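Visitor: Residue numbers for the sequence shown follow our numbering, so the first one is 1 and each next one is one higher.
One structure follows; several queries about it will come next.
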Amino acid sequence: NNYPVVLAESMVTIDMEVYQVTMDGKKSFINKKAYNDLTEDEKKKIGKKKTIVAKGELLTMDDAEAFDLGFSQKSVKDINEVLSILGYESTNIITIEESWSETFVRFLQPFLPILMLIGIGAIYTEIKAPGFGIPGIAGIICLGLVFFGQYLVGLANYTELLLLLIGVLLLGVEVFVLPGFGVAGISGLIVIAAGLVLSFQGFVIPDPSFPWEGTLLMKNLAQVLGSFMLAFIISLFMIRFVLPQISKIVKGPYLEATLSNSHVDVTMDLGVKPGDTGIAHTFLRPSGKVMINNKKIDAITQGEFIEQGTRVLIDKMEQNHVIVKPKIS
């Protein structure tokens with residue numbers, strides 16, 4: 001396209017020095033090597049020499065420099081001037097504006113790793129401290145935003161959304177049906193992780209003819225697994241140290257919310273009474289199971305967490321619930 005070849009090369013070659021020389025009234029561009037190869041007589045004919053690109057730099061230009069160096073025909077102030085130069089003065093201009101989905105995705109993109117971390121951590125916290133409350137809802141919302149954002153940009157489709165739904169259902173089974181973090185909970189997290197990985201790429205299995213797909217898969221796996229590991233660490237810290245303190249401060253509401261989700265019904269003859277002692281059959285967070293009088297029953301604490309195997313005492317039985325506390329020897 002009749003652009004100066006040496007200048008074009010200097011845009012991508014960092015060690016190329018380029019000079020503008022004037023010889024016999026004509027301007028031209030040569031690199032340092034070509035200049036050094038000139039004879040002394042040829043160098044004497046050069047009227048003016050100017051460094052355009054210094055060593056260790058790439059050629060960059062603004063609009064005025066691009067015009068001066070022969071890379072542009074003219075600098076214009078707006079699209080109307082461009083159309084006038086090209087002879088399209090009467091052309092109707094249609095401006096395509098950014099859609100709400102594009103604006104939303106652009107806003108959401110920097111927060112995806114944080115949302116993923118919060119979502120995974122909140123769901124894990126919900127499993128370990130059952131009762132389906134704020135952590136579970138927050139986790140589903142955060143992961144839902146991640147999948148929805150990827151869906152809008154075309155990376156996530158119905159397959160990834162279905163995986164998210166299946167994962168959430170499995171976690172629901174773990175929380176409501178089979179508490180204790182077992183097969184259902186682990187399976188749910190694996191399914192959600194698979195959906196997250198697929199939502200960050202436009203393929204399922206990397207094509208060997210496209211090496212970058214394998215690299216992208218490994219990057220996505222590292223990102224998702226890293227988020228899972230960090231979320232688990234933070235969640236364990238929250239469960240072990242933060243939630244018990246919150247339980248003591250807001251014991252009433254927390255206990256009430258947990259009681260409403262318990263399946264205990266002491267109107268039936270459980271064969272236990274206040275003052276009976278036993279052991280915590282599961283970790284009480286604050287609800288769980290205790291073994292009293294050789295019977296495994298559902299119980300709840302006043303808000304504190306009790307480790308599995310700890311000696312417990314039935315403090316009282318009210319609102320159709322068995323309320324226990326650690327037994328002090």
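Note that the Cβ used here is the ideal one computed from N, Cα and C, for glycine as well.
From a predicted model like this one, the values you see are computed outputs, not experimental measurements.
1. Could you check which residue in LYS33, GLY119, THR215, VAL12 has the C-alpha nearest to that of ILE141?
2. Give every residue of the same chain whose Cβ lies closer than 6 Å to the Cβ of VAL191, excluding the five residues on either side of it in the sequence, and list them in chain order.
3. Would you call SER28 buried or exposed, if buried means 16 or more other Cβ atoms sit within 10 Å of its Cβ?
4. Hey, quick one: how far does the alpha helix (DSSP H) through PHE237 stretch, first residue to last?
5. Check for me: the alpha helix (DSSP H) holding GLN346 runs from which residue to which?
6. Locate the beta strand (DSSP E) running through PHE29, then write down its first and last residues.
7. Can you tell me the Cα-Cα spacing of GLN302 and ALA193, whole angstroms?
8. Give me, in chain order, the residues of the same chain whose beta-carbon lies closer than 8 Å to that of GLY275; leave out the 5 immediate sequence neighbours on both sides.
9. Suppose you measure from the CA of ILE85 to the CA of GLU65; what does that come to, to the nearest Å?
10. If you draw a straight line from the C-alpha of GLU17 to the C-alpha of ILE52, how long is it?
11. Which residues bound the alpha helix (DSSP H) around ARG106?
12. Whether or not the region 199–219 and the region 91–101 are in contact is what I'm after, with contact meaning three or more pairs of Cβ atoms, one per stretch, closer than 8 Å; do they touch?
13. Per DSSP, which residues does ILE323 bridge with? Please list them.
14. Would the beta-carbon of THR22 fall within 7 Å of that of LYS48?
15. Let me check understanding here. Comparing Cα to Cα, which of VAL324, LYS295, ASN80, GLN20 lies closest to ARG285?
16. Suppose you measure from the CA of ILE123 to the CA of PRO135; what does that come to, to the nearest Å?
17. Please report the straight-line C-alpha distance between GLY25 and LYS45, rounded to a whole angstrom.
18. To the nearest angstrom, how far is the alpha carbon of GLU307 from that of ASP298?
19. For VAL224 versus LEU198, is the C-beta distance shorter than 7 Å?
20. Identify the continuous alpha helix (DSSP H) that holds LYS44 and give its terminal residues.
21. By alpha-carbon positions, which one of PRO113, LYS32, PHE283, MET61 ends up nearest to ASN220?
22. Consult DSSP for GLY278 and reduce its assignment to one of helix, strand or coil.
23. Between the alpha carbons of ILE233 and GLU81, how many angstroms are there, rounded?
24. If you draw a straight line from the C-alpha of SER187 to the C-alpha of GLU126, how long is it?
25. Within its chain, find whatever has a CB closer than 6 Å to the CB of PHE228; leave out the 5 residues flanking it on each side and keep chain order.
26. By how many angstroms is the C-alpha of HIS321 removed from the C-alpha of HIS333?
27. Taking the C-alpha atoms as reference points, what is the distance between ASN70 and PHE107?
28. Does DSSP put LEU259 in a helix, in a strand, or in coil?
29. Report all residues from its chain with a CB closer than 7 Å to the CB of VAL105; omit the five preceding and five following residues, and keep chain order.
30. Would you say GLY56 reaches chain B, if we count a Cβ-Cβ gap shorter than 7 Å as a contact?
31. When DSSP labels each residue in this structure, what does THR159 get in the three-state scheme?
32. Just confirm the distance between the C-beta atoms of GLN201 and LEU217, as a whole number of angstroms; I'd bet it's less than 8 Å.
33. Shortest alpha-carbon distance to LYS316 belongs to which of GLY309, ILE328, PHE305, ILE300?
Guide: Per the coordinate set shown:
1. Among LYS33, GLY119, THR215, VAL12, the Cα nearest to that of ILE141 is on GLY119.
2. Cβ within range, chain order: LEU163, ILE166, GLY167.
3. For SER28, the number of other beta carbons within 10 angstroms of its own is below 16, and it is reported as exposed.
4. For PHE237, the uninterrupted alpha helix (DSSP H) segment begins and ends at 211–237.
5. Missing from the structure shown is residue 346; the chain here goes from 1 to 329 and no further.
6. Segment 26–31, the beta strand (DSSP E) holding PHE29.
7. Cα to Cα, the separation comes out at about 35 Å.
8. The answer, listed in chain order, is LEU313, ILE314.
9. Going by the C-alpha atoms only, they are around 20 Å apart.
10. The alpha-carbon of GLU17 is positioned some 8 Å away from that of ILE52.
11. Note, ARG106: alpha helix (DSSP H), 100–108.
12. With the cut-off at 8 Å, the region 91–101 and the region 199–219 do not touch.
13. ILE323 has ILE300, LYS316 as its beta-bridge partners, per DSSP.
14. The answer is yes: Cβ separation under 7 Å.
15. Nearest option by C-alpha distance: VAL324.
16. Here the C-alpha atom of ILE123 lies approximately 6 Å from the C-alpha atom of PRO135.
17. Spanning the two alpha carbons is a distance of roughly 10 Å.
18. Rounded to whole angstroms, GLU307 to ASP298 spans 15 Å at the Cα level.
19. Against a cut-off of 7 Å, the Cβ pair of LEU198 and VAL224 comes out as no contact.
20. 40–44 is the span of the alpha helix (DSSP H), which, as asked, contains LYS44.
21. Out of PRO113, LYS32, PHE283, MET61, PRO113 has the C-alpha closest to the C-alpha of ASN220.
22. Residue state, collapsed to three classes: strand.
23. Using only the alpha carbons, I get a separation of about 59 Å.
24. So the two alpha carbons sit approximately 15 Å from each other.
25. Leaving aside the five residues that flank PHE228 on each side, the residues in its chain whose CB is nearer than 6 Å to its CB run, in chain order, ILE120.
26. There is simply no residue 333 to check, as the chain begins at 1 and stops at 329 in what is shown.
27. According to the sequence as given, residue 70 is Gly; it is not Asn. For GLY70 and PHE107, the distance between alpha carbons rounds to 39 Å.
28. Because LEU259 sits at a pLDDT of 46, beneath the cut-off of 50, its placement in the model cannot be relied upon, and the following sentence gives the value as read from the coordinates. Looking at LEU259 - three-state DSSP - the assignment turns out to be helix.
29. Excluding sequence neighbours, VAL105 sits near GLY149, LEU152, VAL153.
30. The question asks about chain B, but that chain is absent: this structure has only one protein chain.
31. Helix, per DSSP.
32. Contact holds; Cβ gap of about 7 Å.
33. Residue ILE300 is the option with its Cα nearest to LYS316.
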